[in-house]
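Novice:
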Amino acid sequence: MDTLKNYQQLLSKFFKERLDIQNSQASGLKGHLTINESKTDFLLLKMGWVNQLFVHAIVFHVEIKNGKVWIYEDKTDIDVPQILVDSGVNKKDIVLGYLSPKLRSFSEYAVA
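Last residue of the sequence shown? That's 231 in this note's numbering, and every number before it is there in order.
#1: So for residue 136, helix, strand or coil by DSSP?
#2: Please classify residue 177: does DSSP put it in a helix, a strand, or coil?
#3: Using the Cα positions of residue 175 and residue 224, report the straight-line distance between them to the nearest angstrom.
#4: The beta strand (DSSP E) with residue 203 in it runs from where to where?
#5: Nearest to residue 180 by alpha carbon, out of 169, 125, 165 and 170?
#6: Any contact of the region 214-222 with the region 130-143, i.e. 3+ C-beta pairs under 8 angstroms?
#7: Considering only their Cβ atoms, is the gap separating residue 158 from residue 76 smaller than 9 angstroms?
In structure tokens:
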């Protein structure tokens with residue numbers, strides 16, 4: 120299996136699992152998963168009412184771009200890059216897109 124298809128499958132599985140977790144929580148917020156047609160852009164939102172406040176927030180945003188998995192947003196306390204590595208994504212193929220390129224150079228993951 121080529122790398123793109125493998126990463127698409129891994130990310131689809133990861134995001135569907137996270138959607139199930141989001142929807143099983145008693146917070147009253149429901150998850151909404153969006154995957155683009157080419158299965159290269161993955162977005163998990165949580166939304167709903169908490170008391171009198173409407174919440175519409177990004178939980179995760181990940182994109183497969185130029186053969187790498189770019190993590191743009193992660194509003195959780197789990198170690199998403201390590202989960203991806205444990206699932207079969209090469210560390211050199213993970214970019215912490217929410218960090219500046221200078222800071223990325225200090226991580227164990229790709230710069231770009």
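Note that the Cβ used here is the ideal one computed from N, Cα and C, for glycine as well.
Specialist: Well, looking at it:
#1: helix
#2: strand
#3: 32 angstroms
#4: Unbroken run through residue 203 is the alpha helix (DSSP H), 199-206; no beta strand (DSSP E).
#5: 165
#6: no
#7: Lying outside 120 to 231, the shown extent of the chain, residue 76 is not represented and no answer is given.
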